[in-house]
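Comments concern the structure below.
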Amino acid sequence: MITFDLECDNGHRFEGWFKNREDFDGQLSSSAIACPLCESVKIRKLPSKAAVHVQKNHLPQNLQSKVEALSYYRALGDFVEKNFEYVGESFAEEAKKMKNDEAPARSIRGITTPAEEEALTDEGIEFFKVALPKYDA
C-alpha cells in the first residue's frame, strides 16, 4: 500500500491510497482518480514529505537540543496522561468544586473555554494550560 498527497486543478488537496506506484499511474492516466470535493479528474501528485531516522549522537549540536526538547515534551505528555484524571469538558466545574471542598483534591486535566479560563483566573484558581499532542508509535 502506498499513499500520495494529491491536488486537483482547483487547488483541493486530498490523500490517495494505492496498491503500488503502477496502480496510481494507471488510475491517473485513465482519469479514474477524482477530487472528492469537486470531482475534477485533472489530478497531480504533490511532493512527498520525507522522514529520516538519525542516531542522536550523529546530529549537529543545534538539532541535538531540539531532539532533547521533544523527548522532554513527550515525557511530560506521558506523565500528565498517566497521573492526571481526565475530566473532559467538566474541567472548570471540577476545579471549582475542589476549591470549595465539594470534591476531593486531585490532579485533573481537561478542556476549558476561554470564558471558563477567565472565570477560573478571576476566582483565583490556578491551572496550567498546555497542548499535549498524540504521537504515532
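Numbering (our numbering), first residue to last: 1450 to 1586. Even glycine gets a Cβ: it sits at the ideal position worked out from N, Cα and C. Keep in mind the model is a prediction, meaning the values are calculated, not measured.
Using a Cβ-Cβ cutoff of less than 7 Å, which residues in the same chain neighbour residue i once the five nearest sequence positions on both sides are dropped?
i: Glu1538; result: Gly1559, Ile1560
i: Ala1564; result: none
i: Thr1570; result: none
Any heavy atom of the ligand SAH closer than 7 Å to the beta-carbon of residue i?
i: Ser1478; result: This structure lacks the ligand SAH; in fact it carries no ligand of any kind.
State buried or exposed for residue i, treating a residue as buried only when at least 16 other CB atoms are found within 10 Å of its CB.
i: Cys1457; result: buried
i: Ala1518; result: exposed
i: Leu1455; result: buried
i: Lys1577; result: One point to set straight first is that residue 1577 is Phe, not Lys, in the sequence displayed. Exposed: under 16 other Cβ atoms inside 10 Å.
Could you check where the alpha helix (DSSP H) with residue i kicks off and where it finishes?
i: Phe1576; result: Note, Phe1576: premise wrong, no alpha helix (DSSP H); not H, not E.
i: Arg1470; result: 1470-1478
i: Asp1454; result: Asp1454 -> not in any alpha helix (DSSP H); beta strand (DSSP E) instead, spanning 1451-1457.
i: Glu1464; result: It is not in any alpha helix (DSSP H) - Glu1464 instead sits in the beta strand (DSSP E) that spans 1462-1467.
Please report the Cβ distance between residue i and residue j, rounded to the nearest whole angstrom; I am assuming they are in contact, meaning their Cβ atoms lie under 8 Å.
i: Met1547; j: Ala1554; result: 5 Å
i: Phe1453; j: Lys1515; result: No, Phe1453 and Lys1515 are not in contact; Cβ-Cβ is about 29 Å, not under 8 Å.
i: His1461; j: Leu1486; result: 5 Å
i: Ile1492; j: Asn1469; result: Contact flag wrong, Cβ pair sits at about 17 Å.
i: Phe1528; j: Ile1557; result: Not confirmed; about 14 Å, so no contact.
i: Glu1572; j: Lys1545; result: 7 Å
i: Asn1459; j: Ser1489; result: 6 Å
i: Ala1552; j: Glu1543; result: 6 Å
Using a Cβ-Cβ cutoff of less than 8 Å, which residues in the same chain neighbour residue i once the five nearest sequence positions on both sides are dropped?
i: Ala1586; result: With a pLDDT of 48 at Ala1586, under the threshold of 50, the modelled position of that residue is not reliable, and no figure is offered here.
Starting from residue i and walking both ways along the beta strand (DSSP E), at which residues does that stretch end?
i: Lys1494; result: 1492-1494
i: Glu1551; result: Here Glu1551 belongs to no beta strand (DSSP E), and DSSP marks it neither H nor E.
i: Glu1534; result: 1534-1537
Let me see if you follow: with CB-CB separation under 8 Å, is residue i close to chain D or not?
i: Gly1460; result: Considering every chain present, this structure includes no chain D. It has just one protein chain.
What residues in its chain sit with their C-beta under 6 Å from that of residue i, if we drop five residues either side in the sequence?
i: Ile1574; result: Ala1544, Lys1548
i: Cys1484; result: Cys1457, His1461
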